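Report on the following structure.
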Amino acid sequence: MFRPPFTTMALAIALATAALAPARAQVITFENDPAGAPAVDNASLGLASAYAVGGLGITFGFDSDGNGTPDTPAVFEAIGNDGVDGFAACVDRDTASPGFETQLGNFFLRGTPGADFRLLVIHYAGGTVSAASGEIWDIDASLPLNEQYRVAAYDALGNLLDTIDSPVGTQDSGCLNTELDGRPWTFAFSGLTPGIARITIDFIGTKTQGIGLAFNNFNATGEGAVPVSATSWGRLKASYR
Ligand SMILES: [Ca+2]
Ligand SMILES: [Ca+2]
Ligand SMILES: [Ca+2]
Ligand SMILES: [Ca+2]
C-alpha cells in the first residue's frame, strides 16, 4: 500500500516519542518544580519538597553545618547572566558550551555561591534504587586552585556503597579551557546492593572561595539518560512540516 511520506515520518516521530517517554519521566531536569510548575530563577527548592519518581520521593538540600541533616535549600537557577548565577563559562554565565545547550535546558540546581557548600544531600523516601546518575557542570579552576567533587552513595543504614570522584579542573574558567568549562560531567552508579537511599556531593577541590555547584539531569533510578527537551521536539516536528 502506498504510504505518503508525511504519514511515515509522523509514525516514526510517534514511535520515537513513545520509546523515549519512560526514560524522560525518570530524569529530574529541574525545568519544573516538584509540583510540575515551571522553575523560577533563584527560587528555593524546599527541603521537604519531593520529586515523585515511581513510588519514590526524592528531596535535595545542603547540609552546610555537617551534622548530617540538610539545612539549606538548593536553588533553581536560570541559564544566562541574571545577577546571581551558578557558574561562569566562555559564552556567558550559566551558559552551556556549544552543543550542550539542550542537555542543560533552561534551568539547573545550584547552591548559594561563595564558600564551600559542604554537602548536597539527595534523599530517597519510599524505597531504594540500584542505579542513579547526574551531572555536575563547569568543573574548572582558578589556578593554582582547582575544583573537584566527590559523589557518594549510601544505603538505608548509612553504609557507604560506592564513591565516584570527578576529574580535577586543571584549567582556568573561560574560552581557553578545553576541559569542562560550560560542560557536564556525568556520574553514574549501577548495580549497588542493598540499594541507594542517599547520595551526597562534596566539594574536594583546593579552592576556598568562589565555589559553586551546578547540578542537572538527575536520573534517580538509572544511568545516563539525557532528556530531549520539548523545545527540540517542537523544532524537530516543525522541520518536517
Ligand atoms: Ca535542566
Ligand atoms: Ca539567577
Ligand atoms: Ca543565571
Ligand atoms: Ca567555568
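Per my numbering, residue 840 is the first one in the sequence shown, and the count goes up by one each step.
A virtual CB, placed ideally from N, CA and C, is assigned to each residue, including glycine.
Being a predicted model, the structure only gives us computed values, none of them experimental.
Give the DSSP bridge partners of Arg1022, in chain order.
-> DSSP output for Arg1022 lists no bridge partner at all.
Of the residues Leu948, Gly905, Gly907, Leu895, which one's Cα is nearest the Cα of Glu793?
-> With the chain covering 840 to 1080 only, the question about residue 793 has no answer from this structure.
Near ligand 3: Asp979 beta-carbon under 6 Å from a heavy atom | No, the beta carbon of Asp979 sits no closer than 6 Å to any heavy atom of ligand 3.
At least three beta-carbon pairs within less than 8 Å, the segment 1025 to 1045 to the segment 912 to 931 = No, the segment 1025 to 1045 does not touch the segment 912 to 931.
Evaluate Pro909 with the Cβ neighbour count: other Cβ atoms within 10 Å of its Cβ, from every protein chain shown; 16 or more gives buried, anything less gives exposed.
-> Pro909 is buried by the Cβ-count criterion.
DSSP three-state call for Leu996: helix, strand or coil?
-> In the three-state reduction of the DSSP assignment, Leu996 falls in the coil class, being assigned neither a helical nor a strand state.
Leu999 classed as buried or exposed, judged by whether at least 16 other C-beta atoms fall within 10 angstroms = So Leu999 counts as exposed.
Within 10 angstroms of the Cβ of Leu1015, are there 16 or more other Cβ atoms? Answer buried if so, exposed if not.
-> It counts as exposed.
Starting from Leu984, follow its DSSP beta bridges and name the residues at the other end.
-> Answer is Ser981, bridged to Leu984.
What is the chain-ordered set of residues for which the beta carbon lies under 7 Å from any non-hydrogen atom of ligand 1?
-> Result: Thr868, Phe869, Glu870, Leu943, Gly944, Asn945, Phe946, Phe947, Asn1055, Asn1056.
Sort out for me which residues DSSP pairs Glu916 with in a bridge.
-> Partner(s): Phe947.
Where Glu1062 falls: helix, strand or coil (DSSP) = In the structure shown, Glu1062 sits in coil (DSSP, three-state: anything other than H, G, I, E or B).
When you compare each of Glu986, Ile975, Thr941, Ile1035 to Gly896 by their alpha carbons, which one comes out closest?
-> Comparing Cα positions, the closest option is Ile1035.
Contact shell at 7 Å, judged by CB to any heavy atom of ligand 2, ordered along the chain | Near ligand 2, residues with a Cβ at less than 7 Å from any of the ligand's heavy atoms are Asp880, Asn881, Glu916, Ala917, Asp921, Gly922, Val923, Asp924; the list follows chain order.
For Asp921, is the classification buried or exposed, using 16 other Cβ atoms within 10 angstroms of its Cβ as the cut-off for buried?
-> Asp921 comes out exposed.
Residue from Gly1049, Val990, Ser969, Glu940 whose Cα sits closest to the Cα of Asp979 | Ranking Gly1049, Val990, Ser969, Glu940 by CA distance to the CA of Asp979 puts Gly1049 first.
Rounded distance between the beta-carbons of Arg957 and Phe901, thought under 8 Å | Indeed, because the Cβ distance is near 7 Å, the residues count as touching under 8 Å.
With a Cβ-Cβ cutoff of 7 Å, do Ile1038 and Ile961 count as a contact?
-> Yes, Cβ-Cβ distance for Ile1038 and Ile961 is below 7 Å.
Beta bridge counterpart(s) of Ile1040 as assigned by DSSP = In the DSSP output, where bridge partners are listed per residue, Ile1040 has Leu959, Val990.
Who pairs with Pro877 in a beta bridge, going by DSSP?
-> Beta-bridge pairing by DSSP links Pro877 to Asn871.
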